[in-house]
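Residue numbers (the working numbering): 160 to 551. The beta carbon of each residue, even a glycine, is placed where N, CA and C say it ideally should be. If you're wondering where the values come from, they're calculated on a predicted model, not measured in any experiment.
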Ligand SMILES: Cc1ncc(COP(=O)(O)O)c(C=O)c1O
């Protein structure tokens, strides 16, 4: 059957492709150390599962009403954004509940982009942004980050990417795959560039609760009234509460954009399962100490893997400030290995050393690879030993 141009232009998610190849090798009895996972290795906390059971027992098995999310969850989201992010949103008109953070982002691009509109995308970026922009008729304008600045972009770089066609700027901190986080003054400096301009900001805050050391978190929309009025803030249960498989996320922002996203959702997915919404209420409103404990584990592993990678000649690895990824620059090794870029590097590493990493090419930086440290210290050591042998 003839496929549409949009479908044929779409590429498979590089992250999922690597995980699938690693899993296939594992099922053939090969001992693969995987740094591919984009999800916590912890199970969903018990009180969250219990809330889903309770909702099921209570008959919460019908369509969610409205499709954009049940009011108790919208209220819990608004309370979370106030408590953690110093943002005030009206739960009835400014919050939409979605099928993971991924659907929230897709709906936002669909709600704001017309054909040919430009979206500024700092690299490295989460692999789905450019594909979602393209599916909605937009054009990505990529700003490359530099390893020397931990891949963070500067206000000057942002300024020079703006044109008459700029419709949106995607801001993701802490960053997947980069592992960096913008400091409050850096968020303010970027927002200063957009002050007074009619450019929408999509602030992807999936990892806002996974920030390390002295790094302080600042939500983009909290910088100024202008930033608040032009920003859509995204988050999900996925990373903070180890709920990736539950498929639940949310967005908050200006009422007209949220209404458009809700309309689009009512004609596509009809929203998320009702009993899952009750589970996220429990997650957002319940005991938060488990979040701190997961964060602490990630911080220890991040520091360890970074130190070990930097000890390997040819690898330059900025220290992670949040999320659960390191994104070393491995391009100095390409010549010696005779590989053309990160895809060949990653597939040779997987085939010859049985270590799975995600090529940076899919994130706009072909000199780098992403390693997720959402895995045990033992696996980290085994995997890094193999990488060191592979490169020696
Ligand atoms: C930066 C970023 N945004 C969005 C998502 C999507 O999250 P979800 O699994 O809730 O759809 C991810 C997940 O990997 C992510 O890393």
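Of all C-beta pairs linking the stretch 306–321 to the stretch 456–468, fewer than three are shorter than 8 Å, placing the two stretches out of contact. In this structure, the straight-line span from the alpha carbon of residue 507 to that of residue 474 is close to 16 Å.
The alpha-carbon separation between residue 468 and residue 310 amounts to approximately 17 Å.
Take the alpha-carbon of residue 542 and the one of residue 369: they are about 23 Å apart. The stretch 384–392 makes contact with the stretch 349–362: 3 or more CB pairs, one atom from each, lie closer than 8 Å. Note that the stretch 274–283 does not touch the stretch 253–264; fewer than 3 beta-carbon pairs, one per stretch, sit closer than 8 Å.
Sorted by position in the chain, 197, 259, 260, 261, 285, 331, 335, 363, 365, 395, 397, 403, 408 make up the residues whose C-beta lies under 6 Å from a heavy atom of ligand 1. Going by DSSP, residue 543 is part of no beta strand (DSSP E) but of the alpha helix (DSSP H) stretching over 536–550. Contact between residue 480 and residue 371 holds: their C-beta atoms lie close to 6 Å from each other, under 8 Å. Taken in chain order, the complete beta strand (DSSP E) segments of 3 or more residues contained in the stretch 332–399 are 359–363, 390–395. Residue range 164–168 is occupied by the alpha helix (DSSP H) that includes residue 166, with no beta strand (DSSP E) assigned at that position. Relative to the Cα of residue 165, the nearest Cα in the group 395, 404, 293 belongs to 293. Residue burial is scored here from C-beta neighbours: residue 488 has at least 16 other C-beta atoms within 10 angstroms and is therefore classed as buried. Ranked by Cα distance from residue 495, the first of 457, 540, 551, 458 is 551. Annotation for residue 450: 368, 399, 400 place their beta carbon closer than 8 Å to its own, counting only its chain and skipping 5 residues before and after. Residue 271 carries a helical assignment under DSSP once its states are collapsed to helix, strand and coil. In this structure, the CA atom of residue 515 is about 17 Å from the CA atom of residue 471. Three or more Cβ pairs closer than 8 Å define a contact, and the stretch 412–426 falls short of that threshold against the stretch 189–202. The three-state reading of DSSP puts residue 252 in helix, counting H, G and I together.
Distance from the CA of residue 446 to the CA of residue 205, rounded to the nearest whole angstrom, comes to 11 Å. Under the three-pair Cβ rule at 8 Å, the stretch 236–256 counts as touching the stretch 405–414.
Here residue 373 is exposed. Its C-beta has fewer than 16 other C-beta atoms within 10 Å.
With a minimum length of 4 residues, the unbroken runs of alpha helix (DSSP H) contained wholly in the stretch 275–302 fall at 287–294. Under the three-state reduction of DSSP, residue 258 is assigned to coil, being neither helix nor strand.
A residue is called buried when at least 16 other Cβ atoms come within 10 angstroms of its Cβ; residue 363 meets this threshold and is buried.
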